[in-house]
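Worksheet for the structure shown next.
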């Protein structure tokens, strides 16, 4: 029984390590995707902040589908300030 | 047996410190309570803010703070003897480094997951943000130049490591292609990639690649140039192509190599492993004095200012419960301290051990002295990092792995780990340059600048690092001149983070702020002292570029100290904040 528990603990440790390694690797991709989403959102809804964009009817038609992404972007913009810490945290300390 | 005893006592000490001092700082000083909602819970969105299990966050956070620093710093710091290095790593990580990491994480958690520069700007002054960015810029600049030299020196010292390190690139590209394009099973692909990597280690022994002198430029100089070109390509490619799968393989390599070394310490202890380094070597030839330089030479592993940047990034957005911050912030720094202890054992004990079956080799104190007799002995940095590689290989030989393979495994480990750091540093420096030169400012789009686009900023990052790398020669000694500068700059950031935490704690009332203020003042005084000594030596040696950078750091230190202490001892500000 004890051996079984030990084996399970070792497996859990390696699984956790694997997960951490995968996260660290894939987090960079996630970050790039989120940046692309930010750019896409700005392209669509740039009108609201004075950037040239698609015509307003088209923008408004897409608004319900983009509501969640807009919320994420606004939260990011208001909470993060600058992305250096986030990037350092994703890429790791040099 | 003394080496293994040191390892066991140090590890046990870390566990006790975590239980006693860690809990004291967490519960009594910062009064952690799960009643406070973390940003991950308050703003949960399944994208950036995701409450995550503490074990997983610990893994994420530890892999983010463990870089090349905890290997190189202690490997150099042992020059003053193993005892001061060990004491600094133990005490520094417990009462300073872990406190800094933890307090920054908690402040970020209680400030909506904001980064340390934002938090510091809020608690101290908005002007501090500029100082913050300058410190980070200088830090990355220096480190980039140092990393190029570290890898170049490893390639020069261990030509057998060259083939495996470069072969990691095609292996990584194939791994990425197999997983992303062919939907290969991640675990199976990982095992195959790691096995392939270790096959190249064996092949490396058969095909050593010695770089000749080209056009009068020494081999280390040529390697440094090649590495900078590689860095430009790697840092401008999409992350999925090369960096991300390479980092992933490297992480496993780190895990395997460090696991081997820990087990090897125990195996070698039954075969005569003992400390051969002197307990204290107060005045090694050509080396700066122990006080204050030990405390800036060993930065990561004891206290690293850059951790404050990392701790306030994604980690703060994923902590599910505030009380988890002790395990994540405090615990992971102690883990890094444990890594530094292993490096000290390899360089103070492993280096003097005869490898299994080795006869006639120089061993004991004589061997240690070859590497540490003076600051520049056997080409400075190369000898110090080499001491870790050789010391580890000696110990690993008692696990049945021949020393020649052990040397390649550890050489590849250090070079590829430094390579990952170099990629990371280049990318981060690119962002800092873009930020400093105003790519993100309103109106920047109209003023198109070469140095704010991806390629221009990367070229600027590498060009400035190249100037620095070659300003002190390309033979490996230069990095020894740069390292104290890097350490002093890093510790300035640490002092700034600790001062920010002190202001935060003082606003909460009582004398609790002393827990962060005392380490902050300690770091500030030692850093300032080291910088002044640096400046005098640069003036005496007419090292203009280093003198200018050092002077810039001195001015930043004065600015940081002035702004922080003014805020800390301003009665009006404190009363207003407490009200």
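Chains as they are written, first to last, in our numbering: chain A, 27 to 120; chain B, 3 to 581. Just so it is clear, CB atoms sit at the ideal spot from N, CA and C, and this is done for glycine as well. Predicted, not measured: the structure shown is a model, and the values here were computed from it.
Let me see if you follow: with CB-CB separation under 8 Å, is residue 55 of chain A close to chain B or not?
yes
Just the Cα atoms here: how many angstroms apart are residue 386 of chain B and residue 262 of chain B?
20 Å
Proximal residues to residue 444 of chain B (C-beta, below 7 Å), its chain only, five neighbours per side dropped
The predicted model places residue 444 of chain B with a pLDDT of 49, which falls under 50 and marks its position as unreliable; any figure quoted below should be read in that light. Closer than 7 Å at Cβ, skipping near neighbours: no residue.
Proximity of residue 226 of chain B and residue 471 of chain B at Cβ, strictly below 8 Å:
yes
For residue 1 of chain B, the three-state DSSP class (helix, strand or coil)
Shown here, chain B extends from 3 to 581; a query on residue 1 of chain B therefore has no answer.
Kindly identify the DSSP beta-bridge partner or partners of residue 376 of chain B.
In the DSSP output, where bridge partners are listed per residue, residue 376 of chain B has B:287.
So, residue 47 of chain A versus residue 250 of chain B, is the Cβ gap smaller than 8 Å?
Yes, Cβ-Cβ distance for residue 47 of chain A and residue 250 of chain B is below 8 Å.
Under 8 Å Cβ-Cβ, which residues of chain E neighbour residue 136 of chain B?
In the structure shown, chain E does not exist; the protein chains are A and B.
Residue 116 of chain A (DSSP reduced to helix, strand or coil):
In the three-state reduction of the DSSP assignment, residue 116 of chain A falls in the helix class, which pools H, G and I.
Between which two residues does the alpha helix (DSSP H) carrying residue 47 of chain B extend?
Residue 47 of chain B -> no alpha helix (DSSP H), and no H or E assigned at all.
In chain order, what residues of the same chain lie with their CB nearer than 8 Å to the CB of residue 207 of chain B, ignoring the 5 residues before and after it?
162, 406, 407 and 410
Of all the alpha helix (DSSP H) runs that stay within the bounds of the stretch 59-113 of chain B, which reach a length of 4 or more residues?
71-79, 84-94 and 100-111
Are at least three pairs of beta-carbons, each pair with one atom in the stretch 117-137 of chain B and one in the stretch 535-545 of chain B, less than 8 Å apart?
no
Any chain A beta carbon closer than 8 Å to residue 150 of chain B:
no
Rounded C-beta distance between residue 492 of chain B and residue 555 of chain B? I'm assuming under 8 Å.
Actually they are not in contact, since the Cβ atoms of residue 492 of chain B and residue 555 of chain B sit about 10 Å apart, beyond 8 Å.
From residue 343 of chain B to residue 247 of chain B, what does the alpha carbon distance come to, in whole angstroms?
29 Å
Which residue comes first and which comes last in the alpha helix (DSSP H) that contains residue 468 of chain B?
Residue 468 of chain B: member of the alpha helix (DSSP H) spanning 456-473, first to last residue.
List, in chain order, every chain A residue whose beta-carbon is nearer than 8 Å to that of residue 65 of chain B.
The contacting residues are 46, 47, 50 and 118.
Going along chain B, which residues have a C-beta under 8 Å from residue 58 of chain A?
240 and 241
What does residue 102 of chain A touch in chain B if you count any residue whose Cβ is under 7 Å from its own?
Within 7 Å of the CB of residue 102 of chain A, the CB atoms of chain B belong to 50, in sequence order along the chain.
Beta-carbon neighbours of residue 118 of chain B, restricted to chain A and to distances below 7 Å
Correct list: 111.
Where the alpha helix (DSSP H) containing residue 431 of chain B begins and where it ends
405-438
DSSP state of residue 216 of chain B, grouped into three classes?
strand
Using the beta-carbon count (16 or more within 10 Å), is residue 619 of chain B buried or exposed?
Nothing can be reported for residue 619 of chain B, as the shown portion of chain B is limited to 3 through 581.
Beta carbon of residue 20 of chain B, beta carbon of residue 352 of chain B: below 8 Å?
no
Under 8 Å between C-beta atoms of residue 401 of chain B and residue 266 of chain B
yes
Roughly how many angstroms separate the alpha carbons of residue 55 of chain A and residue 297 of chain B, rounded to a whole number?
37 Å
Chain-ordered neighbours of residue 114 of chain A on chain B, where CB pairs are closer than 8 Å
66, 308, 311, 312, 315 and 430
Would you grab the beta carbon distance between residue 428 of chain B and residue 146 of chain B for me? Rounded to a whole angstrom, and I think it's under 8 Å.
6 Å
Just mark residue 272 of chain B as buried or exposed, buried being the case when its beta carbon has 16 or more other beta carbons within 10 Å.
Counting C-beta atoms within 10 angstroms of its own C-beta, residue 272 of chain B has fewer than 16 neighbours from the protein chains shown and is therefore classed as exposed.
Give me the chain B residues within the contact set of residue 42 of chain A, using Cβ-Cβ distance strictly less than 7 Å, ordered along the chain.
57, 58 and 61
Return yes when the Cβ of residue 41 of chain B is within less than 8 Å of the Cβ of residue 497 of chain B, no when it is not.
no
Would residue 114 of chain B count as contacting chain A if we go by Cβ distances under 8 Å?
Answer yes: the Cβ-Cβ gap between residue 114 of chain B and chain A drops below 8 Å somewhere.
How is the alpha helix (DSSP H) around residue 158 of chain B delimited, first residue to last?
130-159
Output the boundary residues of the alpha helix (DSSP H) element that contains residue 166 of chain B.
164-182
Run the CB neighbour count on residue 240 of chain B, radius 10 Å, all protein chains shown included, and call it buried at 16 or more, exposed below.
exposed
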